[in-house]
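Residue numbers (UniProt numbering): 1 to 472. All residues carry an ideal CB built from backbone N, CA and C; glycine is no exception. Working notes for the structure below.
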């Protein structure tokens, strides 16, 4: 690859980054994407002066961005000899030596999952982190990190009490759920909560029923826990298509009021009908995306002995927070809290204290109302661009969620289309890999968290043109 092509690709990637971000961060993300997706390892970069001139930035800005990539080991340098790429080992790379993974681990790695690419135009599942009120967040950190709060540096016991109370009140306001603080378990995000449910409530070889299409992350967690997956096709407005002769079901994992990845509202009556037919021992509902008015779609009942609710703040606020919660039946609260302590320990007290104050001050409510209005407008832009494309059967209706799903006519190769779009720096996920073998649906899952304003309009038009050519 010659230097002109390297510069051209980097300039293209830089132009795709949200303009709200600083120039340094935009360069970092463009370099990171080029190194991990396009450039080979050992590629020598053009001079800093040449790159800075092409990007239209100061050399100091470029130097700071390159320093970040050097610390991440994505670049390496030698004095007076230049800078080279150092592409990381991918999860699909062969294991070195004679290392052998467990069968459960290999099943996870062999199955379809999310791409390693977690940044770029239309990447699903990533909220708008550029507009998040980081200044207030930093101020809260400064207020809790004082000598009198040294206990926040220790383990927690069952989670930070004020945060549990804040979550209890938040659930009452936004989800119409009235529960006790003792029923709330603080987790390190959704995956950690699902894993705790799998370990606490099921044994290796037990069966978990999951909707098709499913959330791939939950499927991976259950697979790693040694559970068997029983897929149940779900059709919006029609309910679930039951398997012919399902065996004993230990867990039923269902999405909450808004289905992911189809990005359409669910109905509590459909979920109740499924649970009546399958009779699972426990029902785990994942409240992945929601708004203030859709709580009636939840099946979860806080006074039930077999309903659990999984929630996370990562999709509301920013992915790196990795804090979530479980609401469990009263008789399970004590045992599951102790199990969490034994398996995962409990910490993150500083983060928990800051989040608690953020909720108590009303900042989370303000943020959710503001960003959900933004997401609704962004989805409308994307919906208008995609709904009339050839071979498009449906586009999920605009909502306040960060995800949107386009369903194609049968026979369209959605995996191939996603791969082709990736080459144009348009990051989407194919629908078919998260469908059961008997579920023929195909399409694309995409997000609206990374783009807004004129950038969104421009990229949505580019996505439409690319899809129009691919679908024809």
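Hey, how far is the Cα of residue 316 from the Cα of residue 80?
Roughly 46 Å separates the two Cα atoms.
Within 10 Å of its beta-carbon, does residue 4 have 16 or more other beta-carbons around it, so buried, or fewer, so exposed?
exposed
Taking the straight line between their C-alpha atoms, what separation do you get for residue 169 and residue 360?
9 Å
Distance, residue 352 Cα to residue 144 Cα:
10 Å
With burial defined as no fewer than 16 other Cβ atoms inside 10 Å of the residue's Cβ, what is the status of residue 124: buried or exposed?
buried
Report yes or no: do the stretch 373–382 and the stretch 438–455 share at least 3 C-beta pairs separated by less than 8 Å?
yes
Using 8 Å as the Cβ pair cut-off and three pairs as the minimum, do the stretch 179–194 and the stretch 337–346 touch?
Cβ pair count under 8 Å is three or more, so yes.
Within the continuous alpha helix (DSSP H) that includes residue 8, where are the two ends?
3–16
CA nearest to the CA of residue 23, picked from 253, 9, 59
59
Do residue 408 and residue 444 count as a contact pair if the criterion is CB distance below 9 Å?
yes
Test item: CB-CB of residue 441 and residue 431 under 9 Å
yes
Could you spell out where the beta strand (DSSP E) holding residue 61 opens and where it closes?
Element bounds for residue 61: not the beta strand (DSSP E) but the alpha helix (DSSP H), 59–71.
In terms of residue numbering, what span does the alpha helix (DSSP H) encompassing residue 164 cover?
161–175
Return the CA-CA distance between residue 95 and residue 108, expressed in angstroms with no decimal places.
Only weak support exists for where residue 95 lies, its pLDDT of 49 falling under 50; the value from the coordinates is given anyway. Taking the straight line from one Cα to the other gives about 15 Å.
Inter-residue Cα distance where the pair is residue 17 and residue 231:
38 Å
Skipping 5 residues on each side, what residues in its chain have a beta carbon closer than 7 Å to that of residue 179?
168, 171, 302, 327
With a 10 Å radius around its C-beta and 16 neighbouring C-beta atoms as the bar for buried, classify residue 349 as buried or exposed.
buried
Just reading off the beta strand (DSSP E) that residue 307 is part of, what are its end residues?
307–312
Of the residues 173, 37, 318, 111, the one placed nearest residue 126, counting alpha carbons only:
318
Looking at residue 285: is its Cβ nearer than 9 Å to the Cβ of residue 264?
no
Once the 5 residues before and after residue 368 are set aside, which same chain residues still bring their CB inside 7 Å of it?
316
Between which residues of its own chain and residue 400 is the CB-CB distance below 6 Å, once the five residues before and five after are set aside?
291, 372, 375, 376
Who are the near neighbours of residue 410 in its chain, counting only those whose CB is closer than 6 Å to its CB and skipping five residues on each side?
440
Identify the residues that DSSP records as bridge partners of residue 208: which are they?
229, 251
Cβ contact (3+ pairs, closer than 8 Å) linking the stretch 61–81 and the stretch 33–45
yes
Per the DSSP calculation, residue 286 is bridged to which residue(s)?
255, 310
Excluding the 5 residues preceding and the 5 following residue 383 in the sequence, name in chain order all residues of the same chain whose CB lies nearer than 6 Å to its CB.
395, 398
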